[in-house]
Amino acid sequence: MTSRRLVRSALAALLLATPLAAVSSSTPATAIVGGGTADDGEHGFMVSLQRAGSEGSDGHFCGGSVVGKRWILTAAHCTVFEPGEVQAVVGRTDLTQGGGQVLSIDRMKVHPDYDETGSSDVALWRTTKKIKAPRIALAGADDQPLEEPGSTLTVAGWGLDAYQVGSVQDRLKELDVRVTTDLECQTNSLLGYSPDTEVCAAELLGDSCQGDSGGPLFGYRENGRPVQIGAVSYGLGCALPLFPGVYAEINAPSISAWLEGVLKADKKADKNKGKKKGKNKGGKKNRR
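For the sequence shown, the working numbering begins at 1 and goes up steadily by one.
This is the structure:
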């Protein structure tokens with residue numbers, strides 16, 4: 001179903017087996033249309049999803065967020081490779097700098113409604129090792145006021161600064177956007193806009209863009225903790241007037257229930273493993 005949408009990943013270049021640098025302009029861009037550069041260490045929950053073995057930003061194709069000790073939330077349309085073909089980079093504001101972690105993936109789960117509808121554009125990737133980076137909270141019912149029309153949220157990523165122009169960026173950028181009404185987002189109806197599972201946001205001359213797919217749209221609770229409201233999904237071009245960016249709505253019942261189910265099942269499995277290890281810690285029996 002993704003063929004009817006102009007998804008915001010850099011997958012097109014990667015799927016054509018063309019090195020991303022080769023299709024990029026040599027003129028430095030600034031990632032995300034509009035916005036500003038994130039400070040070092042800011043938005044530590046951000047994840048760069050890359051082709052395995054990549055260095056810097058060369059293999060970056062999508063964004064993501066840390067939502068569990070071994071779980072990354074991204075877009076379903078970013079989940080087109082096998083686990084062994086990708087890596088997740090966390091703990092880096094500038095992808096060319098050292099530090100952080102480069103993690104392998106051992107499991108990918110895509111929302112079951114995505115293949116049939118093209119909506120519910122979310123997926124969870126499980127890393128082989130524990131993630132040493134802060135997590136972002138996932139929006140619940142109490143966070144509904146944060147996504148009311150007119151509210152200001154933030155989107156961040158390493159994507160392009162203009163539609164199909166430039167290159168994926170080394171340094172993370174951020175942009176404040178305004179949540180729009182469902183009526184304002186009806187301009188995206190021909191692209192398949194679904195108000196039940198998607199939320200839209202826009203900013204004059206600003207937007208998420210290709211390479212930002214799967215990254216978080218987020219706000220802050222009263223206690224200052226960041227909370228994810230959406231995941232970058234698609235749009236008509238980037239920063240095109242009257243066409244807001246579209247995000248998978250984390251708070252949508254069908255999405256939140258699925259996310260909670262996967263994360264809880266994993267916690268339960270880990271807990272059961274811990275119990276089994278505990279039982280086996282006793283001394284060995286002296287068989288006769």
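Even for Gly, the Cβ is constructed at its ideal location relative to N, Cα and C. Computed from a prediction, not measured in an experiment: that's the story for all the values here.
{"Item": "What residue does the alpha helix (DSSP H) around Tyr234 start on, and which one ends it?", "Value": "From DSSP, Tyr234 is part of no alpha helix (DSSP H) but of the beta strand (DSSP E) over 226-234."}
{"Item": "Anyone know if the C-beta pair for Val232 and Gly219 falls short of 9 Å?", "Value": "no"}
{"Item": "For Ala22, name the three-state secondary structure that DSSP assigns.", "Value": "Residue placement at Ala22 is poorly supported in this model, since its pLDDT is 28, which falls under 50; the coordinates are not used for a value here."}
{"Item": "Report buried or exposed for Ala257, applying the criterion of at least 16 other Cβ atoms within 10 angstroms of its Cβ.", "Value": "exposed"}
{"Item": "Report all residues from its chain with a CB closer than 8 Å to the CB of Gln228; omit the five preceding and five following residues, and keep chain order.", "Value": "Ser65, Val67, Leu73, Ile136, Ala137, Leu138, Ala139, Pro216, Leu217, Phe218, Ile250"}
{"Item": "Per the contact definition of three or more C-beta pairs closer than 8 Å, is the region 143-154 in contact with the region 96-103?", "Value": "no"}
{"Item": "Comparing C-alpha positions only, which one of Lys173, Gly56, Thr154, Val47 sits nearest to Pro134?", "Value": "Val47"}
{"Item": "Rounded to the nearest angstrom, how far is the Cβ of Thr93 from that of Asp40, given a contact under 8 Å?", "Value": "5 Å"}
{"Item": "Could you give the C-beta distance for Val110 and Ala76, rounded to a whole number, given that I count them as a contact under 8 Å?", "Value": "5 Å"}
{"Item": "When the Cα of Lys132 is compared with those of Gly91, Leu153, Val33, which residue comes out closest?", "Value": "Gly91"}
{"Item": "Please report the Cβ distance between His43 and Val168, rounded to the nearest whole angstrom; I am assuming they are in contact, meaning their Cβ atoms lie under 8 Å.", "Value": "The pair is not a contact, with the Cβ atoms about 17 Å apart (cut-off 8 Å)."}
{"Item": "Is DSSP giving Gly261 helix, strand or coil here?", "Value": "helix"}
{"Item": "Reducing DSSP to helix, strand and coil, say where Leu191 ends up.", "Value": "helix"}
{"Item": "Taking Trp71 as the reference, which of Ile105, Glu222, Asp121 has the closest Cα?", "Value": "Ile105"}
{"Item": "Using a 10 Å radius around the Cβ and a threshold of 16 neighbouring Cβ atoms, would you call Thr180 buried or exposed?", "Value": "buried"}
{"Item": "Give, in chain order, every unbroken run of the beta strand (DSSP E) that is at least 3 residues long and sits entirely within the region 125-161.", "Value": "152-157"}
{"Item": "Starting from Glu116, follow the alpha helix (DSSP H) in both directions and report where the run begins and ends.", "Value": "114-117"}
{"Item": "Can you find the residues in the same chain that come closer than 6 Å, C-beta to C-beta, to Ala113, ignoring five residues on each side of it along the sequence?", "Value": "Contrary to the premise, residue 113 reads as Asp rather than Ala in this sequence. Excluding positions up to five away in sequence, the list reads Ser120."}
{"Item": "Which two residues bound the contiguous beta strand (DSSP E) that contains Leu172?", "Value": "Element bounds for Leu172: n/a, residue is neither H nor E."}
{"Item": "Indicate the three-state DSSP secondary structure (helix, strand or coil) for His43 in the structure shown.", "Value": "coil"}
{"Item": "In angstroms with no decimal places, state the Cα-to-Cα distance between Gly157 and Leu172.", "Value": "6 Å"}
{"Item": "Give me the Cα-Cα distance between Gly56 and Gly36, rounded to the nearest whole angstrom.", "Value": "20 Å"}
{"Item": "Which residues in the same chain as Val262 place their Cβ atom closer than 7 Å to its Cβ, once the five residues preceding and following it in sequence are excluded?", "Value": "Lys109, Leu124"}
{"Item": "Hey, quick one: how far does the beta strand (DSSP E) through Pro216 stretch, first residue to last?", "Value": "216-220"}
{"Item": "Specify the secondary structure class of Gln87 as computed by DSSP and reduced to three states.", "Value": "strand"}
{"Item": "Within this structure, are the beta carbons of Ala141 and Thr197 separated by less than 9 Å?", "Value": "no"}
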